[in-house]
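Structure first, commentary second.
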Amino acid sequence: MAAPREEDEEQFLTTDFYSLLNVGREASTDEINNAFRQLSKIYHPDKHFSPNKKKMAEVMFTKIKRAHEVLNDKHKRTIYDIYGESGLETEGLEVISRTKSPAEIIAEYERLQREREERRLQQRTNPKGTVSIGLNATDLFDRYGAEPDADYESDVNIEISSMSIFQSVECPLTVKDTILIGGSLMTQNGNGDGTFVTTWRRLTSHKGWAEVEIAAGSNMNGSIKGFRQLSKRCYGTVVGSLQSTRRGIRPSIVSMLAYQFDRGLQGRMTFNASTPSSVTSVLSYDNERNRAVLTIQLGVPNTFISASYCRKFLEDDAKLRAAVKFGTLGIIGEYGFEKKITQFSILGATMVVGLPVGVMLRIKLLRGNQTFNFPIYLSESLSPSAVFYGTVVPAVVYFVVKKLIVNPFLKQQKESEIERKRNEHAEKLLQRKREAQSAVELMSETVERIIDTEEKRNGLLIVKGLYGKLVEDTSEANDDGCIDVTIPLQAAVKDSKLILPDNSTKSCVPGFYDPCIGEEKSLYIRYKFRNRIHQVTLLDNEPIRLPQQKHLVKGELPSTSMSYRS
């Protein structure tokens, strides 16, 4: 039922109702009611007699009561699961009053979102651009006078052989209609050209769209393109175009049919009826970590077969790719690497080696919606030195720049962002800290009773609990990045078991707060069960299920003087 929150939502500023009640997101109504009753025994104001504690209890009880009311109502819970606490504002309440089922609530919310999207259309342009600069560096490896007995030795020249710039913006008219305006400038070997492009795109239905494009420049071009979802697994496109040339109008038509065989395997066949004509078949397999593509084209004069493989390294935001192509126009091999270097930037480099192209290095930088291409022509022949230096030099430069410039910059940027969040939300964070401290004070008496019960049955006793940015020495909490959560963990123990679901963050659990916003957090628990010491370290979103045999610390017995009370 639950859906992920908005990516830009600050978790430390919101309240997770599931974590507050210590239930999972799939919890039943009975489980939610039982959790509320258990927490009411701790936080109900009537359970406390001191004016100070009664005031603190009123605050905590209001929060858990609010969480219980929302999660116990299927309509409100549906809205909360999809849109978070902000979805329960006035607009959300209006939806509840007009609808009866969760499906109707979702449909109504989708309608309201479409209306808001229409109001924002005029403010969205989505600019995109591509800049390509071609460099000719063949003098480095193919220059005259390379032989020892040569009488003539030329200077080494690296020249810009070509340059192209393309920029486009979207102009949404309605939810279904969009105008795209773009233009390109190109120059190569001293000759320049330019084109202005206008495209009208319309969503014809939820299964298809159509597009009309007109390009004006040295030649006039026009095309019509259509897309249609033919079945659940099959879709197709058709493109018809007219291009003006010196010899007159040249028509062309290209159609493509694609079929999804299973989740990762797709086949495509393209028929190109223009001049030159061709038939192309593509079989691709794509999953979370691998992508493989096999392409066969039959045409005049270009007939070829190519295969490529890409390995995705999700932990490092990187890709390694290799490809080979055999055809009537030659043989080409490629290998390259792509890496995400900042939040919005991706850098890639590809070596192209073959006949008759020679050796070429392609460098690509993606920054937001802008793409920068730098094809560098190294050699007209298969020069081993060009292949070696074209591979080694970019790799060395990348690691040096990353270590000396990029990594320090990212570290400084992250520290600045964390400091900005701390300063911007200092008051709210201080309030969260006070609420956690109040919750700990209110649960102290309950913890004492739980400890007495667990000691009698030789059950589960929390020796130490630390939450936040842990260091190697976990003996004590650090006020800057780690807090002591021994008492809140012990308060959650029931019948010699400690269970916390795998919700988004533990900072919303009563007695917890976020001590190091913007940084990865962990939870260290050292506990005693059946007179044996156990310990475990868990990530922030991992579930807690204690005790477990694998947490046992072998060879260590609890000290007779060890105290389990705060």
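Just so we're aligned: 188 in UniProt numbering is position 188 of the sequence shown, and the numbers increase by one with no gaps anywhere.
Ideal Cβ positions, reconstructed from N, Cα and C, are used throughout, including at glycine.
Leaving aside the five residues before and after residue 563 along the sequence, list all residues of the same chain whose C-beta is less than 8 Å from its C-beta, in chain order. For residue 563, the predicted model reports a pLDDT of 44, less than 50, meaning its position is unreliable; a value from the coordinates is still stated below. No residues qualify anywhere along the chain.
Tell me whether residue 321 sits in a helix, a strand or coil according to DSSP, three-state version. strand
If residue 127 and residue 156 are in contact, beta carbons under 8 Å, what's the gap, nearest whole angstrom? That belief does not hold up - the Cβ atoms of residue 127 and residue 156 are roughly 39 Å apart, past 8 Å.
Using DSSP with H/G/I as helix, E/B as strand and the rest coil, what is residue 513? coil
Write down the C-beta distance between residue 348 and residue 332 rounded to the nearest angstrom, noting that I regard them as a contact closer than 8 Å. The pair is not a contact, with the Cβ atoms about 18 Å apart (cut-off 8 Å).
Within 10 angstroms of its Cβ, does residue 206 collect 16 or more other Cβ (buried), or is it exposed? exposed
Taking only three categories from DSSP, how would you classify residue 522? strand
Simplified DSSP state of residue 507, which is helix, strand or coil: helix
Judging by CA-CA distance, which residue of 186, 84, 137, 179 is the nearest neighbour of residue 164? 186
Go ahead and pull the three-state DSSP assignment for residue 52. helix
Is residue 170 helix, strand or coil by DSSP? strand
Quick check on the DSSP output: the alpha helix (DSSP H) that includes residue 390 runs from which residue to which? 384–401
Touch check for the region 24–44 and the region 61–72: three-plus C-beta pairs under 8 Å? yes
Can you grab the Cα-Cα spacing for the pair residue 198 / residue 216, in whole Å? 9 Å
Would you say residue 374 and residue 158 are within 8 Å of each other, going by their C-beta atoms? no
Does the beta carbon of residue 222 sit closer than 8 Å to a beta carbon anywhere in chain C? The structure shown contains no chain C; it holds only a single protein chain.
Three-state secondary structure (DSSP) at residue 432? helix
Backbone CA spacing between residue 99 and residue 318 [nearest angstrom]: Note on residue 99: pLDDT 48, under 50, position unreliable in the model; no value is reported.
Any idea what DSSP makes of residue 98, helix, strand or coil? Note that residue 98 scores 47 on pLDDT, short of 50, meaning its location in the model is unreliable; the coordinates nonetheless yield the value given after this. Three-state result, residue 98: helix.
Residue 487 to residue 462 span [Cα, whole Å]: 8 Å
Helix, strand or coil, according to DSSP, for residue 549 in the structure here? helix
Looking only at its own chain, which residues have a Cβ that is under 7 Å from the Cβ of residue 93, when we skip the five neighbours before and after it? In this predicted model, residue 93 has a pLDDT of only 47, less than 50, meaning its place in the structure is not dependable; the value taken from the coordinates is given anyway. Nothing listed; no residue qualifies.
Given 8 Å as the limit, is there contact between the region 423–438 and the region 526–535, that is, 3 or more CB pairs closer than that? no
If you follow the alpha helix (DSSP H) that residue 422 is in, where does it begin and where does it stop? 407–424
Quick one: any contact between the region 52–62 and the region 538–545, if contact means 3 or more CB pairs under 8 Å? no
Option nearest residue 231 by Cα separation, candidates 224, 260, 218: 260
Coarse secondary structure for residue 15, derived from DSSP in three states: coil
Ordered along the chain, which non-local residues of its own chain (more than five positions away) have a Cβ less than 7 Å from that of residue 436? 511, 512, 513
Would you mind stating whether residue 409 and residue 131 have Cβ atoms separated by less than 8 Å? no
Which value, in whole angstroms, describes the spacing of the CA atoms of residue 16 and residue 321? 42 Å
Closest Cα partner of residue 290 within the set 296, 313, 222: 313
Under 8 Å, do residue 298 and residue 282 count as touching if we go by C-beta distance? no
According to DSSP, is residue 238 helix, strand or coil? strand
Would residue 20 and residue 82 be called neighbours here (beta carbons separated by less than 8 Å)? no
Sort out for me which residues DSSP pairs residue 80 with in a bridge. DSSP lists no partner for residue 80.
Buried or exposed for residue 97, going by 16 or more other Cβ atoms inside 10 Å? Low per-residue confidence applies at residue 97: pLDDT is 48, beneath 50, and the placement is therefore not dependable, though the value from the model is reported in the following sentence. Residue 97 is exposed by the Cβ-count criterion.
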